[in-house]
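Trainee: Take this structure first; my questions come after.
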Amino acid sequence: MTVMEQRGAYRPTPPPAWQPRTDPAPLLPDALPHRVLGTEAAAQVDPDLLRRLYAQLVRGRRYNTQATALTKQGRLAVYPSSTGQEACEVAAALVLEERDWLFPSYRDTLAAVARGLDPVQALTLLRGDWHTGYDPREHRVAPLCTPLATQLPHAVGLAHAARLKGDDVVALAMIGDGGTSEGDFHEALNFAAVWQAPVVFLVQNNGFAISVPLAKQTAAPSLAHKAVGYGMPGRLVDGNDAAAVHEVLGEAIAHARAGGGPTLVEAVTYRMEAHTNADDDKRYRDDADVEAWRAHDPIALLERELTGRGLIDEAGMAAAREDAEAMAADLRERMNQDPVLDPMDLFAHVYARPTTQLLEQEAMLRAELDAETRGHDDPEGATR
Amino acid sequence: MTTVAVKPATMAQAFGRALRDAMAEDPTVHVMGEDVGALGGVFRVTDGLVKEFGEDRVTDTPLAEAGILGTAVGMAMYGLRPVVEMQFDAFAYPAFEQLISHVARWRNRTRGAMPLPITVRVPYGGGIGGVEHHSDSSEAYYIATPGLHVVTPATVADAYGLLRAAIASDDPVVVLEPKRLYWSKDAWNPDEPQAVEPIGRAVVRRRGRSATLITYGPSVPVCLEAAEAARAEGWDLEVVDLRSLVPFDDETVSASVRRTGRAVVVHESGSFGGPGGEIAARVTERCFHHLEAPVLRVAGFDIPYPPPMLERHHLPGVDRILDAVARLQWEARS
Ligand SMILES: Cc1ncc(C[n+]2csc(CCOP(=O)(O)OP(=O)(O)O)c2C)c(N)n1
Ligand SMILES: [Mg+2]
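As they're listed, the protein sequences go chains Y and R.
Take 672 as the starting number for the first sequence in the working numbering and just add one per residue.
Take 2 as the starting number for the second sequence in the working numbering and just add one per residue.
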């Protein structure tokens, strides 16, 4: 059976019969974001999962602060921090199986690291020693993607290919609220639904696209509502509630894996830092707004749940902090070493075999570098 | 096997045969695009493929070029070899962000770890009486994008060979298909195993001693016609069919110009910022001491593609080519 046979065909039918339409109601998101922590539902969650999420959140927060510090020391060119959004980043990584694929945006280095990527390799793009610092196949993490929403069709295509091959693989694609205005967001969701591809879209609605608030991006009742127009379910979740994000993503992934098709998940969260270290958020938002979100911090929420129910003790929390410090110290130390660069790499990875034109340009650069070296050996320029 | 009579085949059939053979040989080859299924594409290049290979491998996609190419990226990441059909030159533009920001540089972005074997077929060029947005020569955009190979056949046999080579390539290849040659015929035997042309080799279509016409795609037959007409003027013109714009075959082109000492680049694309400027510069850099005259260009005007009733004034024709040849400073030689 082909993909299309499975979905059934539309036949234009004149009135009075028309073509029967499916009821959109089951696709609609709930009125309020789904929450688990601090509710009765939390008791149903495996305490081990909560503890794992907690350890990763603490580690993730430390990763964010360390990376931001590295920008100040000139060790990173730029860092778009996910501080305040760690619940989404961590849950996205932990909810996937080994064989699944993650499609991160530039803000999602943390998700890639939580999935197992080496923290230094994950920062290659932002350090600037190459673009993607890892083989995407190794941990099934696509290259961190900067052109907004363009990673979404990739996730759809990969999920579609996996399904055609009969593989039990799901793709999870991450995007911000602003990115949902891009054409590629629309096209990806449409392709995914038409093909019933096993893909889940996670929108982190952190309130801003650099300086532009969500109200200027969309007039939709919520971003999750957009799902309905494509014929897929939309889910709304509290993006700072790691257990809720994990649960909603888990259900969407299970649905996709079972052949049920794609889901759009909107996680409502908040960007606690400026867009990047180079941004000045004082120009477009009030400190008071940021402060209001501190009370809803993802780590505090989970910590309250764990300590309130006696699921973690002081030693357990200290262990999480120590692990995070060790990661940060290692990251600091390795990032303080200058990366080894080979300028000839510039020509090595354009085509399988460099064109003769590229070989000429490579020879030119090599000659320039040789001359530079000779110049250093012979500062007086006596040999010239 | 009994010998099959060599019957004339059209270029469209040769492209279709290349797709068919590639799909039969390699189960990872998938064809996707708008109307490529039951209809066989608006130019019928994919005629019959869906019957033979099914809808999962010959897919009518939603109407969204960025989505088509973007999903092809994901499919290639998972080990497939997508062949994407863009319906017309100008309708490939919505896919440019995917093409430029991802397809062309994926190998580079991943430091060689993940090449993307994607073929993008683009029917291009004018001369078919198409209304607005159906006749663009968009090659300048593609060749200005590092990481893409760009080929364009001018013969039925090359249509087969270059498309097979494109699909076999581990790098993304843009195959520019000259629309007005789709129905051109050659004696070509589709049942004979075909030599797959290596990408990047130009070919001398006509030997000559007076001057070289450097051209490609839809302008090749025009140049051959011009070369015939030039005999009456006493010029014996050589015609080089580039076949591949990227990689560019400097060797074949330079060797020809060194022999003839004069060159005219001919293409439909506009001249300002068009491929002719780059080709003229390369020829001049390599053949300066052999040149008897500046390298000239005969190109489309630098205007949006004209309406069909005016397009004959825009397209480089035999007379304009011969006028250019006449301006190659023949008097200086004696
Ligand atoms: C196609 C494109 N246009 C513009 C940009 C520049 N840009 C980078 S991030 C950004 C804001 C995106 O906001 P959102 O999608 O909400 O994600 P967030 O940064 O909040 O995680 C913009 C405009 C870009 N990267 N790509
Ligand atoms: Mg945002």
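Heads up, the beta-carbon is just placed ideally off N, CA and C, and yes, glycines get one too.
Just so it is clear, the structure is predicted and the values come from calculations on it, not from any experiment.
May I have the straight-line CA-CA distance separating R811/Y from D771/Y, to the nearest angstrom?
Mentor: 7 Å
Trainee: Verify the CB distance criterion: does T3/R have a CB-CB separation below 8 Å to chain Y?
Mentor: Since pLDDT at T3/R reaches only 44, below the 50 mark, its modelled position is unreliable, and the value read off the structure follows with that caveat. Judged by the 8 Å Cβ criterion, T3/R is not in contact with chain Y.
Trainee: What does the alpha-carbon distance come out to for the pair T285/R and R263/R?
Mentor: One C-alpha to the other measures close to 10 Å.
Trainee: Counting pairs of beta carbons, one from the segment 692 to 704 of chain Y and one from the segment 732 to 743 of chain Y, are three or more of them closer than 8 Å?
Mentor: With contact defined as three or more Cβ pairs closer than 8 Å, the segment 692 to 704 of chain Y and the segment 732 to 743 of chain Y are not in contact.
Trainee: Quick check: is the beta carbon of Q690/Y nearer than 8 Å to any beta carbon in chain R?
Mentor: Under the Cβ criterion of 8 Å, Q690/Y is not counted among the residues facing chain R.
Trainee: Taking E269/R as the reference, give the member of D36/R, A166/R, P307/R with the closest Cα.
Mentor: P307/R
Trainee: Is the beta carbon of A203/R closer than 8 Å to that of L238/R?
Mentor: Against a cut-off of 8 Å, the Cβ pair of A203/R and L238/R comes out as no contact.
Trainee: Distance, Cα to Cα, N876/Y vs H857/Y?
Mentor: Distance between N876/Y and H857/Y, taken at the CA atoms: about 16 Å.
Trainee: Using a Cβ-Cβ distance under 8 Å, would H103/R count as near chain Y?
Mentor: yes
Trainee: Does the Cβ-Cβ distance between Y777/Y and T817/Y come in under 8 Å?
Mentor: yes
Trainee: Using a beta-carbon distance below 8 Å, is M87/R in contact with chain Y?
Mentor: no
Trainee: In three-state terms, what does DSSP make of E98/R?
Mentor: helix
Trainee: Is any non-hydrogen atom of ligand 1 found closer than 7 Å to the C-beta of D950/Y, if you look at the structure I gave you?
Mentor: no
Trainee: Using CA atoms only, rank isn't needed, just tell me which of M1015/Y, D694/Y, Y681/Y, P1025/Y is closest to D1041/Y.
Mentor: M1015/Y
Trainee: Which chain R residues sit within Cβ distance under 7 Å of T673/Y?
Mentor: G55, E56, D57
Trainee: Report the option in L982/Y, L796/Y, P824/Y whose CA atom is closest to the CA atom of A664/Y.
Mentor: Residue 664/Y falls outside the range modelled here, since chain Y spans only 672 to 1055, and no answer is possible.
Trainee: Quick test of your reading: A938/Y and V874/Y, contact by CB under 8 Å. State the CB separation rounded to the nearest angstrom.
Mentor: 7 Å
Trainee: Please look up how many angstroms separate the CB atoms of M943/Y and V961/Y, rounded, as I've assumed it's under 8 Å.
Mentor: Between V961/Y and M943/Y the Cβ distance is about 6 Å, and since that is below 8 Å, they are a contact.
Trainee: Taking C-beta pairs closer than 8 Å, name the residues in chain Y that N109/R reaches, listed in chain order.
Mentor: H802, H1020, V1021
Trainee: Just to make sure I have the definition right: I need the residues of chain R whose C-beta is within less than 8 Å of the C-beta of N861/Y. Which are they?
Mentor: P63, A65, G68
Trainee: Taking 8 Å as the threshold (C-beta atoms), are D172/R and R108/R in contact?
Mentor: Yes, the pair counts as a contact, with Cβ atoms nearer than the cut-off.
Trainee: Quick one, are the C-beta atoms of A76/R and V121/R less than 8 Å apart?
Mentor: First, the amino acid is wrong: residue 76/R is Met here, not Ala. Result no, Cβ atoms of M76/R and V121/R do not sit closer than 8 Å.
Trainee: Could you name the residues of the same chain whose beta carbon sits closer than 7 Å to that of A621/Y, not counting the 5 residues immediately before and after it, in chain order?
Mentor: Since the displayed chain Y opens at 672 and closes at 1055, residue 621/Y lies outside it and no answer follows.
Trainee: Using alpha carbons as the reference points, say which of A763/Y, L982/Y, A914/Y lies closest to T710/Y.
Mentor: A914/Y
Trainee: Could you give the distance in angstroms between the alpha-carbon of Q1032/Y and the alpha-carbon of A13/R?
Mentor: 38 Å
Trainee: Would you say the beta carbon of N877/Y is closer than 7 Å to some non-hydrogen atom of ligand 1?
Mentor: Yes - ligand 1 has a heavy atom lying nearer than 7 Å to the Cβ of N877/Y.
Trainee: Using a 10 Å radius around the Cβ and a threshold of 16 neighbouring Cβ atoms, would you call R980/Y buried or exposed?
Mentor: With fewer than 16 Cβ atoms within 10 Å of its Cβ, R980/Y is classed as exposed.
Trainee: What residues of chain Y sit near L249/R, judged by a beta carbon separation below 9 Å?
Mentor: At residue 249/R the sequence reads Phe, which differs from the Leu that was named. Those are T1026, T1027, Q1028, listed as they occur along chain Y.
Trainee: For ligand 2, I want to know if A863/Y counts as a neighbour, meaning its beta carbon is within less than 7 Å of at least one of the ligand's heavy atoms.
Mentor: no
Trainee: Is the CB-CB distance between G849/Y and Q888/Y below 8 Å?
Mentor: yes
Trainee: Mind listing the chain R neighbours of T821/Y? Cutoff is C-beta to C-beta under 7 Å, in chain order.
Mentor: From the beta-carbon of T821/Y, the residues of chain R found nearer than 7 Å are G71, E98, Q99, S102, H103.
Trainee: So within the segment 689 to 774 of chain Y, which uninterrupted alpha helix (DSSP H) runs reach at least 4 residues, ignoring any that extend past its ends?
Mentor: You should have 718 to 743, 757 to 765.
Trainee: Using a threshold of 7 Å, is the CB atom of R942/Y nearer than that to any non-hydrogen atom of ligand 2?
Mentor: yes
Trainee: Going by Cα to Cα distance, which pick from A971/Y, T803/Y, A1023/Y is closest to L728/Y?
Mentor: A971/Y
Trainee: Mind checking the segment 981 to 993 of chain Y against chain R and listing, in chain order, the residues whose C-beta falls within less than 7 Å of any C-beta there?
Mentor: none
Trainee: Could you spell out the range, first to last residue, of the alpha helix (DSSP H) harbouring H291/R?
Mentor: That residue, H291/R, is in no alpha helix (DSSP H); it is neither H nor E in DSSP.
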